[in-house]
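In our numbering, the protein residues as written are 15 to 237.
Below is one structure, written out as structure tokens; the observations come after it.
Now the structure itself:
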């Protein structure tokens with residue numbers, strides 16, 4: 015493998031035991047890539063060509079509606095694989111979602127033919143792909159349940175309680191996380207501040223009463 019093999023082996027141990035021929039192909043074909051924060055790495059409707067192996071930074075994968083609303087599906091961190099990309103590579107389909115670099119991203123991109131060969135010929139890699147599907151599917155089902163069955167004030171309360179005591183995020187970012195719009199999130203945050211659950215600042219939220227937020231999230235009191 016290349017000079018990056020120790021890092022790859024640590025982050026993606028499934029590649030550490032590759033047969034010599036496949037290891038040589040990874041070394042030969044993997045394409046280094048870097049993207050500054052905010053870069054759109056892939057977008058809905060675009061053909062999928064390669065699988066990024068994230069070495070540093072993080073990718074936010076989200077779904078956008080025609081009206082501009084956006085909901086975060088999951089994040090891809092170092093050592094993790096992107097299920098949307100994997101699905102598109104396996105099915106030779108276009109991306110159904112958008113991937114944006116949340117911070118500067120460094121990665122190695124495996125071209126689709128090599129990804130398919132690894133999946134077909136290296137059982138540990140194939141098992142890792144199937145495990146990824148199981149894990150991500152569980153997370154996405156939980157997200158669907160939250161969006162469909164929980165009121166926004168409960169979801170926002172749970173989000174705040176899980177990230178306190180100090181949260182550095184804009185109202186727009188929180189709205190994207192929850193699949194809502196900034197105006198509604200801002201109104202609910204103002205209500206929470208009036209109830210002394212939180213204290214609001216410029217792109218800063220201090221959680222003052224996490225217990226009350228947790229009770230609200232569980233439906234034990236109204237906002």
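Virtual Cβ for every residue (Gly too), placed ideally from N, Cα, C.
Take residue i as the anchor and find which of the options has the nearest alpha-carbon.
| i | options | result |
| --- | --- | --- |
| residue 127 | 224, 114, 31, 44 | 44 |
| residue 168 | 31, 91, 231, 77 | 231 |
| residue 144 | 179, 156, 97 | 97 |
| residue 91 | 25, 180, 177 | 25 |
| residue 203 | 65, 219, 136 | 219 |
| residue 180 | 214, 148, 193, 201 | 214 |
Can you tell me whether DSSP reads residue i as helix, strand or coil?
| i | result |
| --- | --- |
| residue 231 | helix |
| residue 140 | helix |
| residue 211 | coil |
| residue 165 | coil |
| residue 31 | coil |
| residue 26 | coil |
| residue 78 | strand |
| residue 151 | helix |
| residue 131 | helix |
| residue 48 | strand |
| residue 83 | coil |
| residue 60 | coil |
Leaving out five residues on either side along the sequence, give the residues of the same chain with a beta carbon under 6 Å from the beta carbon of residue i.
| i | result |
| --- | --- |
| residue 227 | 171, 174, 175, 211 |
| residue 50 | 118 |
| residue 165 | none |
| residue 206 | 212 |
| residue 191 | 86 |
Keeping to the same chain, check which residues put their C-beta closer than 7 Å to that of residue i; ignore five residues upstream and five downstream.
| i | result |
| --- | --- |
| residue 54 | 112, 114 |
| residue 46 | 122 |
| residue 224 | 175, 178 |
With a cut-off of 9 Å, does the C-beta of residue i fall near any C-beta of chain C?
| i | result |
| --- | --- |
| residue 84 | This model lacks chain C altogether; it includes just one protein chain. |
Bridge partners of residue i, per DSSP?
| i | result |
| --- | --- |
| residue 53 | According to DSSP, which records beta bridges pairwise, residue 53 is partnered with nothing at all. |
| residue 221 | 212 |
| residue 121 | 47, 68 |
On the three-pair Cβ rule with 8 Å, is the region 34-50 touching the region 75-89? no
Touch check for the region 55-73 and the region 179-188: three-plus C-beta pairs under 8 Å? Counting Cβ pairs under 8 Å, fewer than three are found: no touch.
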